[in-house]
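Undergrad: Going by the numbering used here, the first residue of the sequence shown is number 55, and it counts up by one from there.
The C-beta atom is built at its ideal place from N, Cα and C for all residues, glycine as well.
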Amino acid sequence: MQLIKIQTLEGTLELLSGLRIGASEGEIRIGGVDNQVIRNPINNQPYIPGSSLKGKVRSLLEWRSGAVKSEPLGIGDLSARHPEVRPILQLFGVGGGDQLSDEQARDLGPTRLAFWDAALQADWVRQIEGDNLLLTEVKTENRIDRIKGVAEHPRQTERVPAGSRFDFRLSIKLLDIDGDGAALRKALFAGLRLLELDSLGGSGSRGYGKIKLRELKLDGADVQAEFDALDPFAARAA
């Protein structure tokens with residue numbers, strides 16, 4: 055088994071609705087907003103952790119495969135009934151608890167994908183700061199008593215507003231067992247298209263976290279048209 059190349063997929067992740075990916079409870083200040091977004095401690099700007107992107111895309115692909123369960127799929131879930139599991143494990147890896155035989159390790163190979171943290175685009179930050187606007191917004195939500203018709207338990211949620219743009223990037227390892235990498239790329243693109251159709255971060259059922267990937271390039275080559283044309287429910291593993 056040999057590593058042939060490492061490709062880079064990059065582009066712009068644009069928010070179509072407000073995004074909330076929360077900070078840990080230890081970072082919430084008394085008297086402040088109830089639910090704060092995660093921020094880069096160096097520049098205090100919100101960002102999207104690569105782990106959030108990777109986890110959501112993997113979860114959506116596992117749901118699509120029909121083999122989803124409470125824990126991430128592993129080597130024991132490979133079967134002819136669910137052929138889509140194999141590229142999921144190749145792209146995202148298997149858990150540390152999985153004991154792979156030498157044959158299985160050679161068949162799957164190492165984890166191919168590495169998601170980068172997505173920072174706000176510098177030109178977007180300059181534009182917002184030049185207009186004396188904030189990089190986040192605070193949305194007040196509450197629960198309505200169905201009988202009394204009054205609002206109860208108001209809470210404030212911080213989120214990154216619609217229109218914000220992030221630098222999206224991930225790397226893909228290609229091995230000699232992967233051929234030209236088309237099958238893995240197809241599975242990856244299907245997962246990212248599912249992400250566009252679903253949501254990222256918290257409160258997706260309330261309209262948060264709708265995103266669009268734009269200006270996608272693979273090693274500098276424009277792949278946006280290929281990506282947009284892909285139907286994730288038609289792009290099934292053979």
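(1) Tell me the rounded alpha-carbon separation between Pro-141 and Gly-233.
(2) Any idea if Ile-265 is buried or exposed, counting beta-carbon neighbours within 10 angstroms, 16 or more meaning buried?
(3) How many whole angstroms separate the CB atoms of Gly-255 and Leu-143, which I take to be in contact at a CB cut-off of 8 Å?
(4) What are the uninterrupted segments assigned as beta strand (DSSP E) that are 3 or more residues long and contained completely in the segment 204-252, given in chain order?
(5) If I measure Cβ to Cβ from Arg-223 and keep anything under 6 Å in the same chain, skipping five residues before and after, which residues do I get?
(6) Under 6 Å: does the beta carbon of Leu-242 sit that close to some heavy atom of the ligand NAD?
(7) How is Glu-138 classed by DSSP in three states: helix, strand or coil?
(8) Would DSSP call Ala-283 helix, strand or coil?
(9) Roughly how many angstroms lie between the CA atoms of Arg-219 and Asp-156, to the nearest whole one?
(10) Less than 7 Å between the C-beta atoms of Asp-212 and Val-122, yes or no?
(11) Over the uninterrupted beta strand (DSSP E) stretch that includes Gln-61, give me the two end residues.
(12) Could I get the ranges of all uninterrupted beta strand (DSSP E) runs contained in the segment 99-187, with 3 residues as the minimum, in chain order?
(13) Tell me whether Arg-268 sits in a helix, a strand or coil according to DSSP, three-state version.
TA: Answer, in terms of the structure:
(1) 13 Å
(2) buried
(3) That belief does not hold up - the Cβ atoms of Gly-255 and Leu-143 are roughly 25 Å apart, past 8 Å.
(4) 205-213 and 219-229
(5) Glu-64 and Trp-170
(6) Of the ligands one can find in the structure shown there are none, so the ligand NAD has no counterpart to examine.
(7) coil
(8) helix
(9) 44 Å
(10) Per the sequence presented here, residue 212 reads as Glu, with Asp not at that position. Result no, Cβ atoms of Glu-212 and Val-122 do not sit closer than 7 Å.
(11) 57-69
(12) 167-169
(13) strand
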